[in-house]
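Chemist: One structure is given below, represented as structure tokens, and several questions about it will come after.
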Amino acid sequence: MTGPAIPTGPLDGEPHIVLPGMDSIASARAIWRDALRGLPLGAYDQRIVQWAEHGPTDQATLIVLASLLDRARQAGPDHGSALDEHDQEQGGRDAEAVSH
1 MTGPAIPTGP
11 LDGEPHIVLP
21 GMDSIASARA
31 IWRDALRGLP
41 LGAYDQRIVQ
51 WAEHGPTDQA
61 TLIVLASLLD
71 RARQAGPDHG
81 SALDEHDQEQ
91 GGRDAEAVSH
């Protein structure tokens, strides 16, 4: 991320970041917008981005979403999904629960 510091590793608790001159939700929105930088967005993408930014999403959730997006960008396309690793550790139980 080029802007404010954002959690760059797995989160075990709610992050709380307040940027100078902003309240907590304005800070989270700035972090969220920065994490989306450079991504081409379609009309529906923009709708969901706006929903996340201005809907029921709280400050910590926006920061977590931004952190996930930023970490995925840094990991690049060749890394396996942490969810895939979790499914393998669980013996596929999570995937079976979702499919039934």
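Going by full-length UniProt numbering, 30 is the number at position 30 of the sequence shown; the sequence numbering is gapless. Virtual Cβ for every residue (Gly too), placed ideally from N, Cα, C.
Per DSSP, what kind of secondary structure is Leu69 in: helix, strand or coil?
Modeler: helix
Chemist: How far does the alpha helix (DSSP H) with Ile31 in it reach, from first residue to last?
Modeler: Looking at the DSSP string, the run of the alpha helix (DSSP H) that includes Ile31 is Ser24 to Ala35.
Chemist: For Ala28, which residues of its own chain have a beta-carbon under 6 Å away from its beta-carbon, when the five flanking residues on both sides are left out?
Modeler: Excluding its 5 nearest sequence neighbours in each direction, Ala28 has C-beta neighbours in its own chain below 6 Å: Gln59, Leu62 and Ile63, listed in chain order.
Chemist: In chain order, what residues of the same chain have a beta carbon less than 7 Å from the beta carbon of Leu41, not counting five sequence neighbours either side?
Modeler: Val49
Chemist: Please name the residue, chosen from Ala5, Thr57 and Pro10, that lies closest to Val18 on a Cα-to-Cα basis.
Modeler: Ala5
Chemist: Grouping DSSP H, G and I as helix and E and B as strand, with all else coil, what is His54?
Modeler: helix
Chemist: Round the Cβ separation of Met22 and Ala35 to the nearest angstrom and send it over; I've been treating them as touching at under 8 Å.
Modeler: About 16 Å; that fails the 8 Å criterion.
Chemist: What three-state label does DSSP hand Val18 in the structure shown?
Modeler: coil
Chemist: Taking 6 Å as the limit between beta carbons, can you name the residues of its chain near Ala26, skipping five residues before and five after?
Modeler: No residues qualify anywhere along the chain.
Chemist: What distance in whole Å lies between the Cβ atoms of Pro20 and Pro7, which are believed to be in contact at a cut-off of 8 Å?
Modeler: Actually they do not touch by this definition, with Cβ atoms about 18 Å apart.
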